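Residue numbers for the sequence shown follow our numbering, so the first one is -13 and each next one is one higher.
I have placed the structure first, in the form of structure tokens, so that the comments after it can refer back to it.
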Amino acid sequence: SQNIALVDSLVNRERVDGANDIFTRECPVVGTTLGKQFRHKLDHLEKVALGVLNTVRDSDPPFDFHYDVRQRGTLCETDICEARDRCLFIQNIFDGVVVSCETESE
């Protein structure tokens, strides 16, 4: 995924400590960090992935989709390795949806 490639590129260039420093450095113009913005992006991707997965599985009760409900201050905002792990978790959800959809159409 592009998210994993972005994290890997930063870690390869800066090593983990340097990447974490960049990830947690606050931008004086925007007033936030790259890590917080990355977590926000992952929040949205995860909500969509879980919503699609539950729709494919025809869950009962239906998935309660609150798009703007997120947890702030999580470890993936300050630890780039945790952010990468969360990317993998979300990618695995999407991979499960693809497998389910392919199985259903056969």
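Yeah, the Cβ is synthetic: ideal placement off N, Cα and C, and Gly gets one too.
Computed from a predicted model, the values in this text were never measured in an experiment.
| query | result |
| --- | --- |
| May I ask you to list the residues that DSSP assigns as paired with Glu12? | Thr19 |
| With three or more beta-carbon pairs closer than 8 Å as the criterion, would you say the region 65 to 84 touches the region 5 to 12? | yes |
| For the putative contact between Ile(-10) and Ala35, defined by C-beta atoms under 8 Å, what is the C-beta separation to the nearest angstrom? | No, Ile(-10) and Ala35 are not in contact; Cβ-Cβ is about 14 Å, not under 8 Å. |
| What separation, rounded to the nearest whole angstrom, lies between the Cα atoms of Cys73 and Asn40? | 19 Å |
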